[in-house]
Amino acid sequence: MAKVELIKLFKTYNKKIKALEDINLTIEDGQFFVLLGPSGAGKTTTLRCIAGLEKIDSGDVLFDDENITHDQPASRDVSFVFQQYSLYPHYTVYENLAFPLKSPMRKLPEEEIKNKVEKIAEMLKITNKLKNKATELSGGEMQRVAIGRALVREPNIYLMDEPLSSLDAKLRETLRVELKNIQLNLNATILYVTHDQAEATTLADKIGVLKEGKIVQIGTPEEIYENPNSIYVSQRLGSPKINILPGSLFKLNNIAKIGLRPENIELGNGPYEGKVISTENLGSETVVAINFQDNEILASIQGIYKSSINEKINFDINTNKVLKFDNGDQRIYER
Ligand code: ADP
Ligand code: MG
């Protein structure tokens, strides 16, 4: 597959809506790159610009160092998985999977098509559905076929637009794991966009965090989680969410705001005293909401933590893990 580079990409819609502003990123051959951002951040637009479905204002798109910015969509050789199912309803699963291989340009022998389709069907666990019409599938199966239809070819890059977002939580989790395994098996180059943090952390080799059409940080999932460069980035990953609190609350009077992850709070003893607002038992952990000097702080504790509402509670924080931010919500790095 190919290395894909975006250089200084700008895209506006209707001459005024700035959808992308100075996007720079490199997706290495064989890399699983996830663009993470909320709705409207510019995720779909980025994919459409790479596929050539949108005309960009300025900037360059390179495939293996070759500039393809002005190439027609058909000649770019990318596979796109759209957010909503896009199968041919009157075709069987087999025919849907075989379709991308049947282009007259390719002229693949029937036997080779069959082998490829069966291999992908097996990977996606839909072998027993090959004869079904696309309309005879559940939502999860349809999306498996849609992903399979992209993966059956080996293009320059797979572009995936929130392909799991319409599925229920359980299925999303299963397909997430399967997709990662398939990508490792195929050594595929994938640009996957999502607003779902769990997808980003489990799938990505690299995450690019998108905010209002700009990439604000690129890093491994660990780097983005442990070393975010702003409050915005710190809030993209982590569940329950990071606590953003005034520095003065912990006598850090020169620091505008601090970020404190719920797992970096220890309950039971310590110099700080608050009151329990609520507890939520999630099985493997308990999330305790604490009122501390009129600020709500979430702490997550391994296992079950028993306490009652309004009970006084002492706690301590892991000062090594406190993230410091300035007035502009940007990270202050220690020297
Ligand atoms: P995302 O996929 O992250 O939700 P999009 O790339 O779809 O974001 O949209 C980015 C911005 O561009 C949004 O402000 C959106 O309203 C705008 N936009 C997207 N497509 C169009 C379009 N065809 N015409 C006008 N504005 C658009
Ligand atoms: Mg979108």
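The numbering used here puts the first residue of the sequence shown at 1, with every later residue one more than the last. Ideal Cβ placement from N, Cα and C applies to all residues, glycine included. All values reported here derive from a predicted model rather than from experimental measurement.
Around the ligand ADP, which residues pass a check of Cβ closer than 5 Å to any of its heavy atoms?
13, 17, 19, 39, 40, 41, 42, 43, 44 and 45
Is the beta carbon of residue 61 less than 9 Å from the beta carbon of residue 9?
By one-based count along the sequence shown, residue 61 stands at place 61. By one-based count along the sequence shown, residue 9 stands at place 9. The answer is yes: Cβ separation under 9 Å.
Near residue 262, what residues of its chain come up, given a Cβ to Cβ distance below 6 Å and the 5 sequence neighbours on each side ignored?
By 1-based counting over the sequence shown, the position of residue 262 is 262. Contacts found: 240, 298, 299 and 300.
Can you tell me the Cα-Cα spacing of residue 282 and residue 39, whole angstroms?
Taking the sequence shown and counting its residues from 1, one reaches residue 282 at position 282. Taking the sequence shown and counting its residues from 1, one reaches residue 39 at position 39. If I take the Cα positions, the gap works out to 28 Å.
Suppose contacts are defined by Cβ-Cβ distances below 9 Å. Is residue 316 in contact with residue 255 by that definition?
As a working mapping, residue 316 is identified with position 316 in the sequence shown. As a working mapping, residue 255 is identified with position 255 in the sequence shown. Result no, Cβ atoms of residue 316 and residue 255 do not sit closer than 9 Å.
Say the cut is 8 Å; is the CB of residue 71 nearer than that to a heavy atom of the ligand MG?
Start at 1 with the first residue of the sequence shown, and residue 71 comes out as number 71. No - the ligand MG has no heavy atom lying nearer than 8 Å to the Cβ of residue 71.
With which residues is residue 287 paired in a DSSP beta bridge?
Here the question's residue 287 lines up with position 287 in the sequence shown. Beta-bridge pairing links residue 287 to 280 and 300.
Where residue 36 and residue 190 are concerned, what is the direct C-alpha to C-alpha distance, given to the nearest angstrom?
Walking along the sequence shown from the start, residue 36 turns up at place 36. Walking along the sequence shown from the start, residue 190 turns up at place 190. Going from the Cα of residue 36 to the Cα of residue 190 covers about 14 Å.
Taking its Cβ as the centre, do 16 or more other Cβ atoms sit within 10 Å of residue 52, making it buried, or is it exposed?
Counting from 1 along the sequence shown, the entry for residue 52 is found at position 52. It is buried - the Cβ of residue 52 has at least 16 other Cβ atoms within 10 Å.
Three or more C-beta pairs under 8 Å: does that hold for the segment 137-150 against the segment 82-102?
yes
Endpoints, beta strand (DSSP E) assigned at residue 5:
Counted from its first residue, the sequence shown places residue 5 at position 5. Unbroken beta strand (DSSP E) run through residue 5: 4-13.
Do you know whose CA, among 318, 175, 105 and 286, lies nearest residue 269's CA?
Taking the sequence shown and counting its residues from 1, one reaches residue 269 at position 269. Taking only the C-alpha atoms, the option nearest residue 269 is 318.
Is the CB-CB distance between residue 172 and residue 165 below 9 Å?
Indexing the sequence shown from 1 puts residue 172 at position 172. Indexing the sequence shown from 1 puts residue 165 at position 165. Yes, Cβ-Cβ distance for residue 172 and residue 165 is below 9 Å.
In chain order, what residues of the same chain have a beta carbon less than 7 Å from the beta carbon of residue 101, not counting five sequence neighbours either side?
Position 101 of the sequence shown, counted from the start, is the residue given in the question as residue 101. Counting only Cβ-Cβ distances below 7 Å, and skipping sequence neighbours, we find 108, 113, 116, 152 and 153.
According to DSSP, is residue 91 part of a helix, a strand, or is it coil?
Counting from 1 along the sequence shown, the entry for residue 91 is found at position 91. Coil, per DSSP.
Looking only at C-alpha atoms, which of 197, 293, 243 and 80 sits nearest to residue 224?
Numbered from its first residue, the sequence shown carries residue 224 at position 224. Closest by alpha carbon: 197.
N-terminal and C-terminal residue of the alpha helix (DSSP H) that residue 202 is part of
Within the sequence shown, residue 202 is the residue found at index 202, counting from 1. 197-203 is the extent of the alpha helix (DSSP H) around residue 202.
Looking at residue 50 and residue 24, is the spacing between their C-beta atoms short of 9 Å?
Indexing the sequence shown from 1 puts residue 24 at position 24. Indexing the sequence shown from 1 puts residue 50 at position 50. Residue 50 sits away from residue 24, with the two beta carbons spaced by 9 Å or more.
Answer yes if the segment 198-208 comes into contact with the segment 26-33, meaning at least three C-beta pairs across the two stretches below 8 Å, and no otherwise.
yes
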